[in-house]
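Working notes, beginning with the structure itself.
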Amino acid sequence: MSTAEAKKELAKEFSGVKYILTSGMRSKLLLAIYDGPKNLDELRNELKKPSATILHGLKELETINLIRKVQKYYELTSNGFLLTTNMVKLIENWYAINKNKLFWNSHDLDGIPDDVLKDVYLLKDAEYVASTTSDLSNAFNTYIKLISKAKKLKIIFPIYSENHFKHLIKLLNGKKLKKLELIVSEEILNSIEENEMLKKELVNNKKVKIECVERKLKVFLTYSEDFMALTLFFKDGHYDDSQILIAKDKNAIKWAKILDNTYKK
Amino acid sequence: MDTSNNIDNDIKFLAKSEIRLKILNELDKHPDNVRGLVKKTNIAYSSVSSNIGKLENHNYITKVENKYYINPMTQVYYKTLMDFKNSVELVNDYDSFWNKHNLNQLSITSIKRITDLKNSELIETTPIDIYKTHNTIKNQIMNSKNIKAIFPYLHPEYPNLIEGILKNNGTVELIVPKSIFKELLFRVNDNVRRKALRYKKLKVYSFKNDLNLYLTICDENMSLGLFKNDGSFDQNRVLVSNDEQSHEWAEELFNHIKKQVKE
């Protein structure tokens, strides 16, 4: 295949997406109408553009059957509704990542399957907490405080950390925590079982259920009914305990469940 | 909002150039140098190299020693953009299925996950096989141990099909509009019905309002049917899929409607 052919092929493949996403006018119109049918006056006020520009954009969208005019109001067609809902998702996905740029950009995301990354918009209300030079264990302490109130915890546990185990055992011996579900790799499970104390307090504890998976784990995910927390590894393979992503809203917990489910299979 | 403007610009920057997207596609798989990328993409050296420069300047990729690496965030940008592309394609590929049809009862989550239906097949009736859609679903039901379904209307064959599953000791979970609820139940053999209800093998939920959605979830397949904007059911088209993703998609939608029954 020649360069020209390759380029042409590519242009064809992406033409649909390009048409929508690269015109500010077309995408803005779709988003404005997504909120509800609007007439020309309302669109002009909202987008602050002259009628001619807006009418031109509307005409283009009408031609490709994304909007239609009913009496004086423009509304989305079913195709337009499907497409705009997914455009909103795309924007929310980018927003969610962008909001916690430092967290996402410094870690290895290979432990999060593509299918789960596509729903990262569910984390748009998440915040990240980082340790600072004056408080090296800020992230860890925030985590411990967070789990201390949970009745039920599910954790994908990719590391062997006695510090974490110590706190979990303390919670298990307390009154609040009724159930702890761990997903670990074989390697980690073996290490836990070699330690008599951990074997007794975790493996043989009725409140604890441990599931062992074959693959190497690259995410540290904790969630309960009220929160989710995520820590990751650096690209070089080292675990990063200095940055933690935390959220307490329903969507984020839903995301955690989706991620958890992919590890169970 | 400032961030949304930035995002707009970021999206535009990547979406504008197929070459940049192609480069990211390759770098997402393996880090590489310009020469390697030229070989993989068939795009001229000068274009690859100038676009690599732009991507590096905008912090989408990083050069380490001789190779370019995609940044983690860019991976998410790229994958979500491709997901959007797939959704556009899915809408276009099954245009006759979606166009001029009522989507009001689809959940927003199901629409956001519409690419889960990417391996679907659109079954359409033909002049010589006008029952193709019905027969396709009928076969699925007859070969299924269990079924979950949203039936917006009562087809005369449904009671028999339901009876068949129950006699085979399978489970049936249905959501139907109030208007057909009694009729449907009464047409299933008395003994079979009572026994199944008692052992919770049969659950039927009555939906207060009209249902604008047709959905079946069998062991192997899911099928989706829609109503036209004029209010009539489109008997001529049904979207059928048999992979795991579509199955989960259908379950989500089924539960979404089921929640409304209970409210």
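Read top to bottom, the protein sequences are chains W and D. If you count the first sequence from 1, position 41 lands on 41 in the numbering used here, and the numbers rise without skipping. If you count the second sequence from 1, position 48 lands on 48 in the numbering used here, and the numbers rise without skipping. Here a beta-carbon is modelled for each residue, glycine too, at the ideal position from N, C-alpha and C.
When the alpha-carbon of Glu252 of chain D is set against those of D:Ala149, D:Phe233, D:Pro159, the nearest one is in D:Ala149.
Judged by their CB atoms, Ile11 of chain D and Trp255 of chain W are not nearer to each other than the 8 Å cut-off. Interface residue (Cβ-Cβ distance to chain D less than 8 Å): His238 of chain W is not classified as such.
Judged by DSSP in its simplified three-state form, Phe84 of chain D adopts helix. The criterion of a C-beta distance shorter than 8 Å is not satisfied by Leu102 of chain W and Leu109 of chain W. The residues Lys100, His101, Asn102, Asp234, in chain order, have a CB closer than 8 Å to that of Lys228 of chain D in the same chain once the five nearest residues on each side in sequence are set aside. Classified as buried, Asp32 of chain D has 16 or more neighbouring CB atoms from the shown chains inside 10 Å of its CB. Considering only beta carbons, the part of the segment 18-37 of chain D lying closer than 9 Å to chain W consists of Glu18, Ile19, Leu21, Lys22, in chain order. Contact between Lys208 of chain D and Val192 of chain D fails: their C-beta atoms lie close to 27 Å from each other, not under 8 Å. Take the alpha-carbon of Ser223 of chain D and the one of Pro158 of chain W: they are about 39 Å apart.
Residue environment for Tyr199 of chain D: exposed (fewer than 16 other C-beta atoms within 10 angstroms of its C-beta).
Thr126 of chain D is positioned such that its CB atom lies closer than 8 Å to that of Lys132 of chain D. Below the 9 Å Cβ cutoff, chain D contributes no neighbours of Ile244 of chain W, its closest Cβ being approximately 16 Å away. Taking 8 Å as the cut-off, the beta carbon of Val48 of chain D is found closer than this to the beta carbon of Thr41 of chain D. Under the criterion of beta carbons closer than 8 Å, Lys151 of chain W and Leu177 of chain W qualify as touching, at roughly 6 Å. What Thr85 of chain W touches in chain D, judged by beta-carbon distance under 9 Å, is Ser87, Ile108, Ile111, Lys112, Ile114, going in chain order.
Asn66 of chain D and Pro113 of chain W have their C-alpha atoms some 28 Å from each other. If you draw a 10 Å sphere on the C-beta of Met197 of chain W, you find fewer than 16 other C-beta atoms in it, and that means exposed. The Cβ neighbour count for Gly36 of chain W, taken over all protein chains shown within 10 Å, is under 16; the residue is labelled exposed. In the structure shown, Tyr199 of chain D adopts coil according to DSSP, grouped into three states. With respect to chain W, the C-beta atom of Gln105 of chain D has no partner C-beta closer than 8 Å. Going by DSSP, Gln243 of chain W is part of the beta strand (DSSP E) stretching over 243-247. For a Cβ distance threshold of 7 Å, residue set Ile91, Trp94, Tyr95, Asn98 of chain W lies close to Ile7 of chain D, ordered along the chain.
Closest by C-alpha distance to Ile188 of chain W, out of W:Tyr143, W:Cys212, W:Arg68, is W:Cys212. If you ignore the 5 residues before and after Val38 of chain D, its C-beta comes within less than 8 Å of the C-beta of Ala44, Tyr45, Val48, all in its own chain and listed in chain order.
Taking 8 Å as the cut-off, the Cβ atoms of Ile253 of chain W and Tyr128 of chain W do not count as close. Between the beta-carbon of Ser246 of chain D and that of Asp116 of chain D there is about 6 Å, and that keeps the pair under the 8 Å contact cut. Taking a contact as a CB-CB distance under 8 Å, the pair Tyr223 of chain W and Lys154 of chain W counts as one, their CB atoms being some 6 Å apart.
Around Ile70 of chain D, the same chain offers Leu24, Leu27, Asp28, Ile61 as residues with beta carbons nearer than 7 Å, after the five sequence neighbours per side are excluded. Nothing from the segment 145-178 of chain W brings a Cβ to less than 8 Å from some Cβ of chain D.
Scanning the segment 33-70 of chain W from its first residue to its last, the whole beta strand (DSSP E) runs of 3-plus residues come out as 67-70. Using a Cβ-Cβ cut-off of 9 Å, Thr53 of chain W is close to nothing in chain D; its nearest Cβ partner there is about 17 Å away. Under the Cβ distance rule, Asp108 of chain W counts among the residues neighbouring chain D, one pair being separated by less than 8 Å. In terms of CA proximity to Asp240 of chain W, W:Asn138 leads the group W:Leu168, W:Ile33, W:Asn138. The Cβ neighbour count for Val17 of chain W, taken over all protein chains shown within 10 Å, is at least 16; the residue is labelled buried. Here Glu201 of chain W is near Leu172 of chain W, since their CB atoms are less than 8 Å apart.
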